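Under the numbering used here, the residues of the sequence shown are numbered 4 to 346, in order.
Glycine included, every Cβ here is placed at the ideal spot set by N, Cα and C.
No experiment lies behind these values; they were computed from the predicted model shown.
Structure, as structure tokens:
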Amino acid sequence: MKTVFSPLHALHAGHVELGAGVIEPGYEVPERADIVRAHVSAAGLGPIVPPTSQSLDVARSIHASDYVDFLADAWNLWTTEGYSGSALPMVWPTRPLRGDLRPRAIRALLGWYSFDGGAPFVAGTWDAVRASYASALTAADIVAHGDRAAFSISRPPGHHAGRRMAGGYCYLNNAACAAQRLRDGGATRVAVLDVDFHHGNGTQEIFWHRGDVFVANIHGDPASEYPFFLGAADEIGVGEGEGANLNLPLPPGTDFTVWNAALESACRAIEQFRADVIVVSLGLDTFVGDPISHFRLESQDYPRVGARLAALGRPTVFVLEGGYAVDALGANVVGVLSGFLDG
Ligand code: OKP
Ligand code: ZN
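Below is the structure:
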């Protein structure tokens with residue numbers, strides 16, 4: 004299996020985030036991608052290749068074009084207005100404030116284009132975001148050209164990014180863009196399976212009205228877990244998309260036995276959908292040692308996850324999402340991918 008990696012991810016570094024009662028160093032650190040790359044290399048899973056050059060066309064079809072422009076300009080606007088540090092929003096146009104007054108000030112634009120304070124910008128953020136996106140599209144292209152699977156070490160992650168909002172460490176929705184790329188390349192039906200601990204609210208929003216992309220999520224119950232305001236079991240899609248969204252929320256403390264039963268349900272739904280190709284939003288923050296998440300999967304469980312995905316018998320694009328127990332992240336990713344290859 005080819006792995007796509009760009010060193011440009013490291014330009015997104017040094018940012019802070021809002022914790023509970025504190026501003027703290029971000030959990031979404033460059034070491035994450037580097038340890039994943041090192042473990043993929045050491046395990047000999049296959050060649051590690053750079054992303055090919057990719058235009059923003061797919062990003063502009065999945066996201067609002069003005070949002071993509073904003074992502075590209077945000078750091079420049081922030082410094083032009085005289086600020087430094089991490090560019091973070093501080094006001095959001097939530098109900099009952101007006102949602103039609105697009106502001107000019109960068110402090111407010113950051114809120115216009117986000118749903119939380121979890122997607123800060125630093126000088127290198129946009130370059131890293133572009134590389135993360137290009138890596139996901141490159142992995143999609145590798146699979147579209149006939150490989151059984153490919154893996155994108157996308158950093159920053161993407162699944163919380165909606166059509167016109169950043170949040171939760173995410174800017175461009177890499178997995179959604181990969182799914183769109185596969186559709187553009189001739190796949191009729193694409194399934195996105197999101198196994199990150201957190202609900203992929205952005206991916207759900209993007210494909211909410213669409214019947215050609217099935218979205219399944221296994222995640223911490225939003226009653227108590229981030230992103231809180233989406234991810235309940237009654238969200239099934241609308242219009243053409245009705246029945247093409249499946250949410251499987253699970254309580255904090257869930258172990259592999261229960262989680263694996265949810266995976267089985269998601270896989271059966273994907274089989275019924277008859278997807279031509281699968282995009283896996285591969286978050287490893289289901290791991291028991293994750294510092295910000297609350298499931299109890301163990302390292303020995305991940306190869307079984309990979310083997311079940313292989314049993315779907317479809318070409319598969321793996322796109323990295325979360326996973327913050329950095330020391331274990333590389334081994335857990337390799338667990339899934341090697342389980343897939345052996346499966
Ligand atoms: C991104 B992904 C800790 C707050 C954490 C954001 C979580 C984003 C998770 N200071 N809130 O789904 O792994
Ligand atoms: Zn997550």
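Query, Result
"Give the secondary structure of Ala77 by DSSP, where H, G and I count as helix, E and B as strand, and everything else as coil.", "helix"
"May I ask whether a heavy atom of ligand 2 can be found less than 8 Å away from the beta carbon of Ser296?", "yes"
"Distance check for Asn177 and Ile221, CA to CA, integer angstroms please.", "18 Å"
"Mind the definition here: the segment 65-74 touches the segment 185-203 only if three or more C-beta pairs lie below 8 Å; say whether that holds.", "no"
"Within 10 angstroms of its Cβ, does Ala131 collect 16 or more other Cβ (buried), or is it exposed?", "buried"
"So what does DSSP say about Asn248, is it helix, strand or coil?", "strand"
"Taking the alpha-carbon positions, what's the Gly333 to Val339 distance?", "10 Å"
"In the DSSP output, which residue or residues are listed as bridge partners for Ser284?", "Asp197, Val322"
"Is the segment 96-111 close to the segment 28-48, with three or more CB pairs under 8 Å?", "no"
"Under 9 Å, do Tyr327 and Glu31 count as touching if we go by C-beta distance?", "yes"
"Relative to ligand 1, is the shortest distance from any of its heavy atoms to the C-beta of Phe426 smaller than 8 Å?", "Shown here, the chain extends from 4 to 346; a query on residue 426 therefore has no answer."
"Is Gly205 near Gly256, with beta carbons less than 9 Å apart?", "no"
"In angstroms with no decimal places, state the Cα-to-Cα distance between Thr97 and Met168.", "13 Å"
"Alpha helix (DSSP H) containing Gly333: first to last residue?", "329-345"
"Three-state secondary structure (DSSP) at Ala147?", "helix"
"Drop a sphere of 10 angstroms on the beta-carbon of Arg107, count the other beta-carbons inside from all chains shown, and report buried for 16 or more, exposed for fewer.", "exposed"
"Within 8 Å: the Cβ of Tyr327 and any heavy atom of ligand 1?", "yes"
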